[in-house]
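Chemist: For the sequence shown, the tail end lands on 558 under this note's numbering, and the numbers increase by one without skipping. All residues carry an ideal CB built from backbone N, CA and C; glycine is no exception. These numbers come from a predicted model, not from an experiment.
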Amino acid sequence: MPDAVPPVAPRRPIELTHFDDVRVDDYHWLRDREDPAVLAYLTAENEFAAAALSETAALESTIYDEIVSRIVETDVTAAVRWGQWWYYERTFEGRNYPRHCRRPRGTEAYPDSFDAPGEEVVLDENELAEGHDFCSVGVLSVSPDHRLVAIGVDFDGDERHALSFRSLDGSDAPSEVIGDVGYSVEWTADCSTILYVRVDDAWRPHELWRHELGTDPADDVLVFAEPDERFRVGISRSRDGAALIVHVSSSMTTEVLALDATSPLELEVVWPRRPGVECAIEHLTAPDGQRWWLAVTNDDALDFRVLAAVRGRLLSFDEIVPERPGTRIDGIDAFATHLALSERLDGCASVRLLPLLGDADPFGEDLLGRGTVVDSDEVPATTVLGATPEFDSRSVRIVQTTLVTPFSSIDVELATGSRTVRKRQEVQGGYDPERFVSTRLWVTARDGVQVPVSIVHRCDLLGATGTPGDAPSSPRPLLLYGYGAYEVSIDPTF
């Protein structure tokens, strides 16, 4: 390493008082991004890092070139059907950002080719980024009538988005721009109004606002404000299009409010705030037209359970999927004929499909027993729900991967369970998955809890029996990674 001298930030003590507690912060001055002294110090740090790592420059270039050589840069994602359109993304060699596209749905079950005429560009992020050192599209929301798209872009890296509108059908788009928007934005059913979340000085989403298209954003209406700094506000639109759902969540407590998607004027409480009780709400319009709230909650269930209540009978929730110790329920998605449970079994993410009944009680007896799990031929594997925006879809998009097998986009027919692989990530450079094997071990922690450990290695590193998956007969170098906080799991992925 060259004789580089690390810079030392000078101490400039300042007393800060919070909750009657006084503390001294020697480096509070580094918060001022406009201070020339701060910029000079950061420049010195960057120069020191460059000097310290100069001897690795050739290795960095080699690793970078190898990574790029395995990536298919010019590619297209598996298309998603929504309304009369197929939506998908394209990437191009040498470009940093995707191009979001769509094409008319037509009569085909799935597009035979993405090179046929008819493609429309929803947004080309490469064009948007021209002339900017930084560009991040945090919001890209197509209106339910597919005529407009709301685009939230951040050119500064501060995660405060400027929200604007673009026409998709050739009509005039609203010209107003809304500033300081977070990541959460949703349309009303008639596409005349958009609701968005704003962040406070700590970048906490804390306010929900309503904007009528074509009006001055200064006249926007504050719908909800959360004063408690522990809680964050987010809004989502139910897949059946009937409800706008507002989750107000801390790390261990949730309150859920809702607006009618056709007339978003009055908030109703769906799930009241109770300390230590978490909840995620989904909305279902049942086959008979009855509307239901579905709740995934840890209320009296460590591994969560699913409750249901007829909309309008608030707080009258009944259990439809009980807690199963050892199987964590992470979420629920509602479709016209099925519910999809996102679960975690033996530490692996999985999806369980539950068929609904076409009568007054869509859940009936033994809802869980009627369900099927979208499994994998490999263990361990990660199986999660992909994008399926249509409520009455006859299939659901599943994304599946393992430590050996690249990401696959799979359509699962709800009626039959049959599967069609729409896209599998291509790996260039001669990758052969048969050369590798993936297994799972269980390690007992000091408190007796069984911790899953996923392992991948070459097939020629076998144990004494010669069986793939056996521990090597002699010690081998191992790259070990682990994490354990905030209920974040490191899932086995390619």
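According to the neighbour-count rule (16 or more other Cβ atoms, all chains shown, within 10 Å of its Cβ), is Phe-295 buried or exposed?
Modeler: As a position in the sequence shown, residue 295 is number 231, starting the count at 1. Answer is buried; the Cβ neighbour count reaches 16.
Chemist: By the 10 Å Cβ neighbour count, where 16 or more other Cβ atoms means buried, how is Val-559 classified, buried or exposed?
Modeler: Look at the range of the chain in this structure, 65 to 558, and you will see that residue 559 is not part of it.
Chemist: Between which residues of its own chain and Glu-319 is the CB-CB distance below 6 Å, once the five residues before and five after are set aside?
Modeler: If you number the sequence shown from 1, residue 319 lands on position 255. The answer, listed in chain order, is Val-312 and Arg-337.
Chemist: Buried or exposed for Pro-541, please, with buried defined as at least 16 other CB atoms from any protein chain shown within 10 angstroms of its CB.
Modeler: For the purposes of this step, residue 541 is taken as residue 477 along the sequence shown, with counting starting at 1. It is exposed - the Cβ of Pro-541 has fewer than 16 other Cβ atoms within 10 Å.
Chemist: Per DSSP, what are the beta-bridge partners of Gly-298 in this structure?
Modeler: Within the sequence shown, numbered from 1, the residue matching residue 298 stands at position 234. Paired residue(s): His-311.
Chemist: In whole angstroms, give me the CA-to-CA distance for Thr-557 and Ala-121.
Modeler: Translated into the one-based positions of the sequence shown, residue 557 becomes position 493. Translated into the one-based positions of the sequence shown, residue 121 becomes position 57. Rounded to the nearest angstrom, the two C-alpha atoms are 29 Å apart.
Chemist: From the DSSP secondary-structure annotation, give me the bridge partner or partners of Arg-540.
Modeler: On the sequence shown, residue 540 is found 476 positions in, with the first residue counted as 1. Partner(s): none; Arg-540 has no beta bridge.
Chemist: In three-state terms, what does DSSP make of His-196?
Modeler: In the sequence shown, the residue the question calls residue 196 occupies position 132. Coil, per DSSP.
Chemist: Out of Glu-477, Gly-548, Glu-383 and Asn-362, which one is the CA nearest neighbour of Trp-356?
Modeler: Numbered from its first residue, the sequence shown carries residue 356 at position 292. Comparing Cα positions, the closest option is Glu-383.
Chemist: Decide yes or no for the touch test of the region 372-381 against the region 407-415: beta carbon pairs closer than 8 Å, at least 3 of them.
Modeler: The answer is no - the region 407-415 does not touch the region 372-381, with fewer than three Cβ pairs under 8 Å.
Chemist: For the beta strand (DSSP E) containing Ser-518, name the first residue and the last one.
Modeler: Working through the sequence shown from its first residue, we reach residue 518 at position 454. Looking at the DSSP string, the run of the beta strand (DSSP E) that includes Ser-518 is 514-522.
Chemist: In three-state DSSP terms, what is His-225?
Modeler: Your numbering for residue 225 matches position 161 in the sequence shown. His-225: strand per DSSP, three-state reduction.
Chemist: Please report the straight-line C-alpha distance between Thr-508 and Gln-514, rounded to a whole angstrom.
Modeler: On the sequence shown, position 444 is the one that residue 508 refers to. On the sequence shown, position 450 is the one that residue 514 refers to. Whole-angstrom Cα-Cα distance: 5 Å.
Chemist: Check Glu-407 in the structure and name its three-state DSSP category.
Modeler: Counting from 1 along the sequence shown, the entry for residue 407 is found at position 343. Here Glu-407 sits in strand by DSSP.
Chemist: Going by beta carbon distance, what residues of the same chain come within less than 6 Å of Pro-43, once the five residues before and after it are set aside?
Modeler: Because the chain here runs from 65 to 558, residue 43 falls outside it and cannot be looked at.
Chemist: Is Asp-130 helix, strand or coil when you go by DSSP?
Modeler: Taking the first residue of the sequence shown as 1, we reach residue 130 at position 66. The sequence given here has Glu at residue 130, not Asp. The DSSP-derived three-state label of Glu-130 is helix.
Chemist: The alpha helix (DSSP H) spanning Ala-424 covers which residue range?
Modeler: Within the sequence shown, numbered from 1, the residue matching residue 424 stands at position 360. No alpha helix (DSSP H) contains Ala-424, which DSSP labels as neither H nor E.
Chemist: Can you say whether Gly-243 is buried or exposed, counting buried as having 16 or more other CB atoms within 10 angstroms of its CB?
Modeler: Within the sequence shown, residue 243 is the residue found at index 179, counting from 1. Exposed.
Chemist: For Arg-408, which option in Val-136, Val-437 and Leu-421 has the closest C-alpha, if you only look at C-alpha atoms?
Modeler: Looking up residue 408 in the sequence shown gives position 344. Minimum Cα distance to Arg-408 is reached at Val-437.
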